[in-house]
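Under our numbering, think of the first position of the sequence shown as 172, with each following residue one higher.
Read the structure below first, then the notes.
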Amino acid sequence: MSKKMESMESKIHSMGVVPVAVLERAEDAEPLAESLCEGGLPCAEVTFRTDAAAKSIRRMTEAYPKMLVGAGTVLTTEQVDRAVDAGAKFIVSPGFDPEIVDYCLDKDIPIFPGCVTPSEMAQAVKRGLKVVKFFPAEQFGGVGTIKALAAPYVGLKFMPTGGVNTGNLESYLTCPSVLACGGSWMVNGSLVKEGKFNEIKSLTREAVNLVKQIRG
């Protein structure tokens, strides 16, 4: 595994929670980034579900160069190129796409592919990956499934995303096989659309404090 990948995993682990944001308007990117940074969580996974994704990543990384910004819901290698060109430091895909994973590994781009079955995890381990996304986490059995899958795949870490919130965050973060969680509750789409960035900052602070309480 490359040093870049190791460094990325270490940074994400230190965050505990990665805010997963869907941005419809690129002009919301900077105030959102400001709220996350001031809230103590200088990190975001901006999903490629909207046309504003690449521009939003660029605005975030230019305004806050030290912020850890990645691209989520990446479905093609073309999107990988657009995301990295915009400043994305890591790539997240909802499922395990060998073409995307191999493309990122060849270019030394940190990649966290979605895996929910032993077969997908076998493909990830075969390629030397140490961390995979587990999505949608709650719908696929949550912590119980992660523990069961971690048993044969010793050393593999998971980033559960999907249905993770303040109510179940502790159960995930106290699992030794969980690196960090992806969460959207502090960057809820309606809060962004309504410009409630102070509320986002407050929710982010609460998430940071919760991680500290859980991890001690």
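Every residue gets a Cβ at the ideal spot worked out from N, C-alpha and C, and that includes glycine.
- If you look at K278, you'll find it isn't in any beta strand (DSSP E); DSSP assigns it neither H nor E.
- Here A257 is buried. Its C-beta has 16 or more other C-beta atoms within 10 Å.
- A200 and V379 have their alpha carbons spaced roughly 20 Å apart.
- Just so you know, the alpha carbons of T247 and F306 end up roughly 18 Å apart.
- Of the residues assessed, M172 falls on the exposed side of the cut-off, its CB having fewer than 16 other CB atoms within 10 angstroms.
- In the DSSP annotation of this structure, the continuous segment of the alpha helix (DSSP H) that includes K182 starts and ends at 174 to 186.
- The three-state reading of DSSP puts C208 in helix, counting H, G and I together.
- In this structure, the alpha-carbon of T218 lies about 6 Å from that of A192.
- Per the C-alpha coordinates, the member of E291, V255, K318, E177 positioned closest to Y274 is V255.
- The alpha-carbon of K304 is positioned some 6 Å away from that of P284.
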